[in-house]
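Beneath this line is the structure, given in structure tokens, with notes to follow.
In the working numbering, the protein residues as written are -8 to 408.
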């Protein structure tokens, strides 16, 4: 007997009062409704690679980018159909409330304690100045706080200790550093804008678009996109000390040869991806252009050193995840897809750190979500609207019969347990 989504095992109907009952889950945002599927968050059993509810959580008519709190209590989901942020209670698998933003966002963040959220809204109206603001969400009662004006803000990056947020605006050579303080207690945090340190510009940059932080939040590594984003200089990494640095002077830098739009750090090693214009691939592929993943030693923050570079796909890189078994998954959009009888490749690059080798995914299309599956040698990737499961032992997709077939159009994926 065939089992539908509402027919067998622990699968339950959307909108029912019971949860999925799954202990180790992934949420996948699915943003279209059809005769056979509804938009929402699909729930996957990440221990078994099994779809258990579709949709499992109502998160608006077109849920897209998501972010999960460090304590796993809440997931924030942007709904493009209403320009709203939905706060999802992970345990209950229900919405805890939502707020409507002034316009769209593609960059959101949440504090590790799940009490405060942020969204970069480039078109937010601000009285007396150009559009653009970082919207601040009080997640205790799911409401908007007064916006923080940042003209044309596109991307935001929050420090691990929740005290600093770097905001990046389109076509700008500065970044905005916003500082927060905890006005509550450790048990009941209440994050507020610092009354002694107002938002301030970090200058001396070259089309900055992203940042990542040291584990102790004392240092920010700002990625200068450079010529790839219309700047006048080479791409690279600028080091900003966040301790006893009232003038926000940069404390170090490194130039990279292949572009810098996204990065992630593990210990004292920083991985930076980008596509310098005109970078060719050589004879190994029919793709006309390629990108570069730079490996940077930041053990001495004042003097970061590029220690390795490898060739990856081109495109605008804006997704990256590091796995526990030494893999760097890098996703891009608008890459040079190749689909011939001899070769098929899309926008996913997988760097095996131990082997110093790169695998390019055979699926075509943009990568919009990457989530390593905790405790397993698998990575969930959303590419071209499909959920795909990669085996990091073999550096290949798992067998087709074990893949999960979602109905609709997947956008993002997050492990929520």
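Note that CB positions come from ideal geometry on N, CA and C, so glycine has one too.
- Residue 246 and residue 86 have their C-alpha atoms roughly 44 Å apart.
- DSSP links residue 311 through a beta bridge to 321.
- The beta carbon of residue 327 lies closer than 6 Å to those of 278, 279, 280, 305 in the same chain, with the five residues before and after it left out.
- With at least 16 other beta carbons inside 10 angstroms of its own, residue 229 counts as buried.
- Around the Cβ of residue 295, a 10 Å sphere holds 16 or more other Cβ atoms; the residue is buried.
- It is roughly 39 Å from the alpha-carbon of residue 105 to the alpha-carbon of residue 223.
- When beta bridges are read from the DSSP output, residue 21 appears opposite 31, 401.
- By the neighbour-count definition (other C-beta atoms within 10 Å, threshold 16), residue 274 is an exposed residue.
- Distance from the Cα of residue 192 is smallest, within the candidate group 207, 163, 215, for 163.
- It is roughly 12 Å from the alpha-carbon of residue 215 to the alpha-carbon of residue 249.
- Here DSSP, grouped into helix, strand and coil, assigns residue 140 to strand.
- Taking 8 Å as the upper bound for CB-CB distance, residue 395 and residue 39 are not in contact here, some 10 Å apart.
- Here the C-alpha atom of residue 342 lies approximately 42 Å from the C-alpha atom of residue 174.
- Residue 194 and residue 299 have their C-alpha atoms some 28 Å from each other.
- Nearest to residue 36 by C-alpha distance, out of 15, 180, 146, 60, is 15.
- Apart from sequence neighbours up to five positions away, the residues of its chain that approach residue 59 with a beta-carbon distance below 6 Å are 66, 405, 407, ordered along the chain.
- Annotated three-state conformation of residue 377 is strand, per DSSP.
- Checking the DSSP bridge columns, you'll see residue 363 partnered with 370.
- If you draw a 10 Å sphere on the C-beta of residue 384, you find fewer than 16 other C-beta atoms in it, and that means exposed.
- Distance from the CA atom of residue 292 to the CA atom of residue 242, rounded to whole angstroms, is 8 Å.
- In this structure, DSSP gives residue 88 an extended state, which the three-state scheme calls strand.
- Counting only the Cα atoms, residue 353 lies some 12 Å from residue 333.
- DSSP links residue 44 through a beta bridge to 34.
- According to the DSSP secondary-structure assignment, residue 201 is paired through a beta bridge with 214.
- If one requires a minimum length of 3 residues, the beta strand (DSSP E) runs lying completely within the segment 122 to 202 are 124 to 129, 144 to 149, 155 to 160, 166 to 173, 182 to 184, 191 to 193, in chain order.
- Inter-segment contact for the segment 150 to 157 and the segment 303 to 318 is absent: fewer than three beta-carbon pairs are separated by less than 8 Å.
- When secondary structure is reduced to three states using DSSP, residue 296 falls in the strand class.
- Assignment of residue 391 by DSSP, reduced to helix, strand and coil, places it in the helix class.
- Counting along the chain, the unbroken beta strand (DSSP E) around residue 107 starts and ends at 107 to 112.
- CA-to-CA, the gap between residue 108 and residue 10 works out to about 25 Å.
- Annotated three-state conformation of residue 338 is coil, per DSSP.
- In the DSSP assignment, residue 288 is bridged to 260, 296.
- In the three-state DSSP reduction, residue 220 falls in the helix class (H, G or I).
- Within the same chain, and ignoring the five residues on either side of residue 382 in sequence, the residues whose Cβ sits closer than 8 Å to its Cβ are 368, 369, 388, 389.
- Contact annotation, residue 397 with residue 19: C-beta distance approximately 7 Å; criterion of less than 8 Å satisfied.
- In this structure residue 321 does not touch residue 287 by the C-beta definition: roughly 15 Å separates them, more than the 8 Å allowed.
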